[in-house]
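Be aware that the sequence shown starts at 127, since it is given in our numbering, and climbs by one per residue. Each residue gets a CB set at the ideal place from its N, CA and C atoms; glycine is no exception.
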Amino acid sequence: MRYFDAAVIGGGVLGCLAARNLMRWNLSAVLIEAAEDVCTGITRSNTAIVYAGYDNKVGSLKARMTVRGNRHFDALCETLEVPFNRCGSLMVSFGPGADRVLRKKYENGLQSGVSGLRLISGPEALEMEPMLASGVSLALHAPSTGTVNPWQLGIAAFENALHNGCEPRLQTWVLGIRHTNDGYIIQTDKGEICCKVVLNCAGLNADKVQELLFPPSVRLFCDGADFLILDKHAAKPQYIIFQESEEKGKGVTAVPTVDGNLLLGPSQRPLDAKPWATSHDGMDFLREATAQVLPGVDLAQVIRSFASVRPNPHRVVWRDGAYIPDGKSIGSFCIENPAPGFYSLIGIKTPGLTCADELGVHLARETAEYLGAGERKSFDPYRKAIHRKDHEIICQCEQISKAEILEAIARGAATVDGVKRRVGSGMGRCQGARCSLEIERLLEAAKRGIL
Ligand SMILES: Cc1cc2nc3c(=O)[nH]c(=O)nc-3n(C[C@H](O)[C@H](O)[C@H](O)COP(=O)(O)OP(=O)(O)OC[C@H]3O[C@@H](n4cnc5c(N)ncnc54)[C@H](O)[C@@H]3O)c2cc1C
């Protein structure tokens with residue numbers, strides 16, 4: 127059996143940044159991920175926004191972490207060589223009810239210390255962003271809002287955690303957890319792992335992982351979300367646009383991504399029987415709402431749709447033979463600590479990406495304090511991205527070369543999708559129709575050691 131000071135369960139953006147931050151301290155760590163690669167869960171399917179922090183309850187942990195996380199995002203992305211675009215956002219309203227919400231958010235933002243926030247008139251918003259529909263009554267301009275590619279951030283953090291000594295256990299399912307005198311034994315389908323501290327970052331399974339050892343306290347009740355992606359050549363706004371609808375929760379968000387596409391979403395709907403499948407209703411909603419808010423967006427340029435699962439954490443009580451939700455969904459971040467040395471992030475939804483590093487720093491500091499570990503002097507925060515090379519192009523749409531694909535494979539990509547998430551192949555107009563076969567061939571050759 128292997129012994130570690132700390133074990134992170136789950137290799138989404140939260141687990142990867144927790145693992146990287148653990149390595150800032152003098153301790154040994156392992157990251158256990160069920161899938162064959164990191165960042166294939168919610169991290170792969172979200173809105174990619176680095177929020178400014180005006181939406182959250184003033185003084186809450188979420189508000190503080192969002193404002194701080196946003197401020198630190200440039201430095202984080204620079205050290206990990208991940209593209210980040212602080213493009214700013216406009217939250218727009220088209221009527222008195224939504225105007226009131228914007229004014230409230232503006233006040234919230236000022237109190238939470240969001241920098242540069244301005245309430246502007248409809249005409250000024252139209253001047254700043256000519257793609258907006260006329261009829262905007264009020265807009266909230268937040269220059270600090272930005273966008274990042276979530277899986278690029280997670281993968282970069284994972285690579286840097288490994289570089290600093292964290293051990294990876296991919297394709298390893300956590301099936302059970304036992305208490306010992308000095309910590310925990312994690313049972314997996316690949317054997318047992320012993321550790322003093324468990325950081326449970328298992329995303330949609332975080333409640334179930336905690337229940338492997340503790341009685342139910344919080345459970346996830348999920349709903350679904352749909353997204354659309356437009357081709358890079360389609361006209362797009364220069365700001366992230368949030369529609370504050372007159373009807374609660376019914377607005378669309380449009381994000382000009384760091385990869386150059388326009389991302390529309392998310393819709394909000396009940397979870398389908400197939401959780402990761404898109405819904406007709408969701409697609410229709412996105413198309414209709416976009417046409418109202420950004421009429422110049424050419425919806426014929428959609429090249430991809432995808433769905434996500436939104437976890438809503440609820441405290442539960444035992445009643446009539448079952449655990450049922452006890453009141454409303456937990457509004458703040460749910461960080462459980464059911465026993466010394468056991469921490470769970472349960473149902474971290476928006477703005478979890480914005481706060482991923484802050485949450486990782488927090489968990490790592492708790493771990494170091496609990497174990498009495500000092501700072502690791504040799505910690506190297508830097509990670510080099512895979513750089514563009516322009517010969518032997520394999521992905522014609524995105525101009526990705528064979529050398530880049532081989533480097534992605536050398537860094538751990540095990541599937542065509544894993545290569546895509548490292549170098550962006552298959553993200554263009556043909557969505558991998560022309561390059562997938564050749565990438566599969568390279569993956570196969572690498573597996574056999576005949577490259
Ligand atoms: C629709 C939507 C839009 C969002 N948009 C934004 C946004 O714009 N900005 C923002 O700041 N935040 C946003 N968020 C929130 C953000 O995306 C999440 O907080 C974040 O991605 C959660 O990452 P994670 O690491 O917890 O989850 P995941 O990425 O799902 O990772 C969990 C990992 O745990 C692994 N795992 C599960 N069970 C086990 C097990 N038993 N053994 C081993 N491994 C296991 C899974 O395989 C998975 O890889 C959004 C969320 C949703 C749902």
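Option nearest residue i by Cα separation, candidates the options
| i | options | result |
| --- | --- | --- |
| serine 371 | Ile535, Ser219, Asp357 | Ser219 |
| serine 263 | Ile576, Tyr310, Gly486, Gln369 | Gln369 |
| histidine 359 | Leu228, Leu397, Ala426, Val335 | Ala426 |
| leucine 354 | Ala433, Asn196, Gln522 | Ala433 |
| arginine 229 | Gly329, Ala536, His267, Ala540 | His267 |
| cysteine 481 | Glu253, Ile158, Cys213, Leu279 | Leu279 |
| threonine 152 | Met553, Ala539, Gln525, Ala499 | Per the sequence shown, the amino acid found at residue 152 is asparagine instead of threonine. If we check each option's Cα against that of asparagine 152, Ala499 comes out closest. |
| isoleucine 367 | Pro396, Leu202, Glu255 | Glu255 |
| valine 384 | Lys573, Asp424, Cys203 | Cys203 |
| leucine 206 | Asn307, Cys327, Ala511 | Ala511 |
| glycine 329 | Gly179, Asn196, Glu570, Ile461 | Ile461 |
| glycine 408 | Pro392, Ser504, Pro421, Lys400 | Pro392 |
| aspartate 398 | Val139, Met257, Pro421, Ala351 | Ala351 |
| glycine 136 | Pro209, Lys334, His289 | Lys334 |
| histidine 198 | Gly291, Leu216, Tyr177 | Tyr177 |
| isoleucine 312 | Arg441, Pro439, Ala132 | Ala132 |
| arginine 574 | Thr314, Ile535, Gly223 | Ile535 |
| glutamate 414 | Gly447, Gly377, Asn438 | Gly377 |
| arginine 304 | Phe340, His289, Gly223 | Phe340 |
| lysine 589 | Lys316, Arg502, Asn307 | Since the first residue shown for the chain is 127 and the last is 577, residue 589 is missing from the structure and cannot be characterised. |
| valine 545 | Cys523, Gln525, Leu569 | Leu569 |
Helix, strand or coil at residue i according to DSSP, with G and I counted as helix
| i | result |
| --- | --- |
| valine 487 | helix |
| isoleucine 576 | coil |
| lysine 376 | coil |
| arginine 441 | strand |
| valine 134 | strand |
| cysteine 521 | strand |
| asparagine 463 | strand |
| histidine 406 | helix |
| serine 470 | strand |
| phenylalanine 210 | strand |
| valine 419 | helix |
| valine 262 | coil |
| asparagine 152 | coil |
| glutamate 162 | coil |
| arginine 567 | helix |
| arginine 395 | strand |
| alanine 224 | helix |
| isoleucine 429 | strand |
| leucine 412 | helix |
| leucine 479 | coil |
| leucine 325 | strand |
DSSP bridge partner residues for residue i (one or two, in chain order)
| i | result |
| --- | --- |
| tyrosine 129 | Cys320 |
| serine 241 | Paired residues: none, contrary to the question. |
| valine 435 | Gly350 |
| glutamine 313 | Gly302, Glu318 |
| threonine 273 | Ile175, Asn211 |
| valine 381 | Leu389 |
| alanine 268 | Ser215 |
| asparagine 234 | DSSP, once it has assigned bridges, lists no residue as partnering asparagine 234. |
| glutamate 501 | Trp151 |
Range covered by the beta strand (DSSP E) that runs through residue i
| i | result |
| --- | --- |
| histidine 517 | Premise fails: histidine 517 is in no beta strand (DSSP E) and is neither H nor E. |
| alanine 448 | 448-451 |
| alanine 332 | Segment 332-336 is the alpha helix (DSSP H) holding alanine 332; no beta strand (DSSP E) there. |
| aspartate 352 | 344-356 |
| isoleucine 367 | 366-370 |
| leucine 216 | 215-219 |
| threonine 306 | 300-306 |
| proline 294 | 293-295 |
| glycine 391 | 388-391 |
Endpoints, alpha helix (DSSP H) assigned at residue i
| i | result |
| --- | --- |
| isoleucine 281 | 276-289 |
| threonine 192 | 187-206 |
| alanine 155 | Segment 155-158 is the beta strand (DSSP E) holding alanine 155; no alpha helix (DSSP H) there. |
| isoleucine 531 | 528-536 |
| methionine 254 | 248-254 |
| alanine 144 | 139-148 |
| arginine 547 | 542-549 |
Assumed close pair residue i, residue j - CB separation to whole angstroms, cut-off 8 Å
| i | j | result |
| --- | --- | --- |
| arginine 509 | glutamate 159 | About 18 Å separates the two Cβ atoms, so there is no contact after all. |
| alanine 174 | leucine 389 | 6 Å |
| alanine 282 | valine 208 | 5 Å |
| glutamate 318 | methionine 127 | 5 Å |
| phenylalanine 505 | methionine 149 | 6 Å |
| phenylalanine 459 | leucine 187 | 6 Å |
| glutamate 530 | valine 549 | 5 Å |
Cutoff 8 Å: residue i Cβ touching any chain C Cβ
| i | result |
| --- | --- |
| phenylalanine 468 | Chain labels in this structure do not include chain C; a single protein chain is all it has. |
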